[in-house]
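Working notes, beginning with the structure itself.
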Amino acid sequence: NAGVMQNPRHLVRRRGQEARLRCSPMKGHSHVYWYRQLPEEGLKFMVYLQKENIIDESGMPKERFSAEFPKEGPSILRIQQVVRGDSAAYFCASSPGGPNTIYFGEGSWLTVV
Amino acid sequence: GENVEQHPSTLSVQEGDSAVIKCTYSDSASNYFPWYKQELGKRPQLIIDIRSNVGEKKDQRIAVTLNKTAKHFSLHITETQPEDSAVYFCAASNQGGGADGLTFGKGTHLIIQP
Chain A
1 NAGVMQNPRH LVRRRGQEAR LRCSPMKGHS HVYWYRQLPE EGLKFMVYLQ
51 KENIIDESGM PKERFSAEFP KEGPSILRIQ QVVRGDSAAY FCASSPGGPN
101 TIYFGEGSWL TVV
Chain B
1 GENVEQHPST LSVQEGDSAV IKCTYSDSAS NYFPWYKQEL GKRPQLIIDI
51 RSNVGEKKDQ RIAVTLNKTA KHFSLHITET QPEDSAVYFC AASNQGGGAD
101 GLTFGKGTHL IIQP
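The listed protein sequences derive, respectively, from chains A and B. Counting in the numbering used here, the first sequence runs from 1 upward without gaps. Counting in the numbering used here, the second sequence runs from 1 upward without gaps.
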């Protein structure tokens, strides 16, 4: 089992560009979660998705951020018109659903210059 | 919603001594409490978890205790080793383990002094 796979691991974007972060859950997992971690801070929940559905997006900024988990392919977190404050580590996690532990990917480090 | 407070933010102990990290939570419906260890530049990794139907759980040098009445839970690491140096996060969930409802503390930076 390859675990939760995220790419790219590191991404540099200029202000105003778009960032796309991808996450493939562990085999057998249909629930995907995105968290953001700012330097020296904890993990902030952003969004929870199941295949083709957004279940909870209460942690997502209202503008510029969107997420999807299509029927085929990885989950994608999209940040439009990036700003310096978007620089952070973005972690994806997955679970099979229900009362089970979540497992994190290695993270995608976004730097906005 | 749930609020998880974690203390201390930094903890320095001598190698071989014990380390204790404490967390409190606000939602009395929370029933699942995992602990994650994150090394610099790496992903958070689950090290131990406890559910609300037990008061203590142990795995080798690591133990977690839960006091539901007081709404606090603690991580205990005995005989600390250099490889225990990392940031530790507690979390609480009222969904029995799925991340829907998983709220994290701000983390404790544990430093093991040789």
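We put the CB at the ideal spot given by N, CA and C, even for glycine. Please read these numbers as outputs of a predicted model, since none were measured by experiment.
query: Cβ of G28(A) within 7 Å of any chain B Cβ; result: no
query: Exposure label - A2(A); buried when at least 16 CB within 10 Å; result: exposed
query: For P39(A) and P34(B), the rounded distance between their alpha carbons; result: 22 Å
query: Short CB-CB distance (under 7 Å) between G73(A) and chain B; result: no
query: L40(B), buried or exposed, once every other Cβ within 10 Å from all chains shown has been counted against 16; result: exposed
query: Sufficient close CB pairs (3 or more, under 8 Å) joining the segment 10 to 27 of chain B to the segment 58 to 76 of chain B; result: yes
query: Ordered list of beta strand (DSSP E) runs contained in the segment 21 to 62 of chain A, each at least 3 residues; result: 31 to 37, 43 to 50, 53 to 56
query: N7(A) versus R13(A), K62(A), Y90(A), Q37(A), residue with shortest Cα-Cα distance; result: Y90(A)
query: Contact check, P25(A) vs S108(A), beta carbons under 7 Å; result: no
query: Extent of the continuous beta strand (DSSP E) run through A91(B); result: 86 to 92
query: 7 Å Cβ cutoff, T68(B) in contact with chain A; result: In the sequence as presented, Thr is not what sits at residue 68(B); that position holds Lys. By this cut-off, K68(B) is not an interface position.
query: Backbone CA spacing between G107(B) and M5(A) [nearest angstrom]; result: 24 Å
query: Classification of V4(B) by the beta-carbon crowding that lies within 10 angstroms, buried from 16 upward; result: buried
query: Whole-number beta carbon distance between A67(A) and M47(A), since they are thought to touch under 8 Å; result: Note that residue 47(A) corresponds to Val in the displayed sequence, not to Met. Sure, about 5 Å apart at Cβ, within 8 Å.
query: Sequence-distant residues of the same chain with beta carbon closer than 7 Å to I47(B), five excluded per side; result: W35, Y36, K37, I62
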